[in-house]
Amino acid sequence: MRFAIILTLLLVAFRLEAAPPVRHLFLDPAFLTESEGVQLRVNPPQRREVVIRADKPWEKLMISFYLTVLDDPETGTLRLWYICRDAKNRPNVAYAESTDGLTWKKPNLGIVDYEGSRDNNLVGLSSLEGAVYRDEQATTPEERYVYLTHLITKGMVRFHSPDGLHWKEDDTAWLPFGADSQAIAFRQPTAAGWAVYLRGWTKRDDGSLYRTVVRAMAPDLTTPLPIRPSEDSRRLWGKDKVAVIGDEFPT
């Protein structure tokens, strides 16, 4: 009798479908009601070998940590777009390639005239606030690569390119707001349209501002969003008074 009961339970267990797994990314203990025997530990930074060095005149001041790395599905090459600044603090977007992610080559592209020479790896983008995206659903080959960035006095502007090297600016700004740095735009994998993550500003009760990350949703990046800045959204950005993102989008 006991054997029959055990066998029945096993058969029932095999027939029951397991619930789909739920993934949790624990970043903040505030998300947990209670915990026991665990602790949140941040891995200490470790110095690793340098894979790309600032050895060009247009990199004299620095190579920034603002960069994009894409795996080219056609060639299997890793492609790197990175921000650099010369001795006069002038920013540029430079380009490098690698087959293993460790050894990077800076090809002479011949695109940009820098100090009287085109013998460099610059791609003609001087705004450092964006990230390169390869659009597999581009309507034309000329728009295979997208770079959404902030241009002072213009707002968020899209650049497009057939190869990620030769870029053309759209005639109209996509959004008449400044969004500081590290704007990320990509097609949504499970829905139509684009998701764009931008850096905005939220006002405290005392009137001071602090940075936030906001998300904008749009069917495309060529049709300007019907959102206009108010006078309250303007703040000094260097020498210019620029409209910045506030509460126009969800955080």
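Count along the sequence shown from 1, then add 23; that gives the number in our numbering. In this text, a Cβ means the ideal position worked out from N, Cα and C, and glycines have one as well.
Subject >> Extent of the continuous beta strand (DSSP E) to which V265 belongs >> reply: In the sequence shown, the residue the question calls residue 265 occupies position 242. From DSSP, the beta strand (DSSP E) with V265 extends over D263 to A266.
Original post:
Whose C-alpha, out of T246, T100 and A117, is nearest the C-alpha of R108?
Top reply: For the purposes of this step, residue 108 is identified with residue 85 of the sequence shown, where counting begins at 1. Among T246, T100 and A117, the Cα nearest to that of R108 belongs to A117.
**OP:** Check T256 in the structure and name its three-state DSSP category.
**Re:** Reading the sequence shown from its first residue, position 233 is the one you call residue 256. One point to set straight first is that residue 256 is Ser, not Thr, in the sequence displayed. Helix, per DSSP.
**OP:** Would you be able to state if there are at least three C-beta pairs under 8 Å between the stretch 165-178 and the stretch 119-139?
**Re:** The stretch 119-139 is not in contact with the stretch 165-178.
Subject >> Beta-bridge partners of E192, as assigned by DSSP >> reply: Locating residue 192 in the sequence shown gives position 169, where the first residue counts as 1. F182.
**OP:** Could you pull out every unbroken beta strand (DSSP E) segment of at least 3 residues lying fully inside the stretch 131-188, listed in chain order?
**Re:** 155-157, 168-174 and 178-184, all fully within the stretch 131-188.
Original post:
From I207 to Y220, what distance separates their C-alpha atoms?
Top reply: Residue mapping note: residue 207 aligns to position 184 of the sequence shown, counting from 1. Residue mapping note: residue 220 aligns to position 197 of the sequence shown, counting from 1. Cα-Cα distance, rounded: 5 Å.
Subject >> Y137 vs T91 beta-carbon contact at 9 Å >> reply: Reading the sequence shown from its first residue, position 114 is the one you call residue 137. Reading the sequence shown from its first residue, position 68 is the one you call residue 91. Not in contact: Y137 and T91 (Cβ atoms no closer than 9 Å).
**OP:** Return the CA-CA distance between Q211 and E57, expressed in angstroms with no decimal places.
**Re:** On the sequence shown, residue 211 is found 188 positions in, with the first residue counted as 1. On the sequence shown, residue 57 is found 34 positions in, with the first residue counted as 1. Just so you know, the alpha carbons of Q211 and E57 end up roughly 34 Å apart.
Original post:
By DSSP, does W217 sit in helix, in strand, or in coil?
Top reply: For the purposes of this step, residue 217 is taken as the residue at position 194 of the sequence shown. Strand, per DSSP.
**OP:** Using alpha carbons as the reference points, say which of D123, T122, A77 and G153 lies closest to N144.
**Re:** Taking the first residue of the sequence shown as 1, we reach residue 144 at position 121. Checking every option, the nearest Cα to that of N144 belongs to A77.
Original post:
Does the separation of the CB atoms of V169 and L248 fall below 9 Å?
Top reply: Stepping through the sequence shown from its first residue, residue 169 is reached at position 146. Stepping through the sequence shown from its first residue, residue 248 is reached at position 225. For V169 and L248, no; Cβs fall outside 9 Å.
**OP:** Give me whichever residues DSSP pairs with L198 in a beta bridge.
**Re:** Position 175 of the sequence shown, counting from 1, holds the residue named residue 198. Paired residues: M179.
Original post:
Residues bridged to Y89 by DSSP?
Top reply: Here residue 89 corresponds to residue number 66 of the sequence shown, with the count starting at 1. Beta-bridge pairing by DSSP links Y89 to no other residue.
Original post:
When DSSP labels each residue in this structure, what does E271 get in the three-state scheme?
Top reply: The count along the sequence shown starts at 1 and reaches residue 271 at position 248. Reduced to three states, the DSSP call for E271 is coil.
Subject >> Contact the stretch 224-232 vs the stretch 175-189: 3+ CB pairs below 8 Å >> reply: With a cut-off of 8 Å, the stretch 175-189 and the stretch 224-232 do not count as touching, because too few Cβ pairs lie within range.
**OP:** Report the residue from E159, A218 and N112 whose alpha carbon sits nearest the alpha carbon of L84.
**Re:** Here the question's residue 84 lines up with position 61 in the sequence shown. Cα-wise, what sits closest to L84 is N112.
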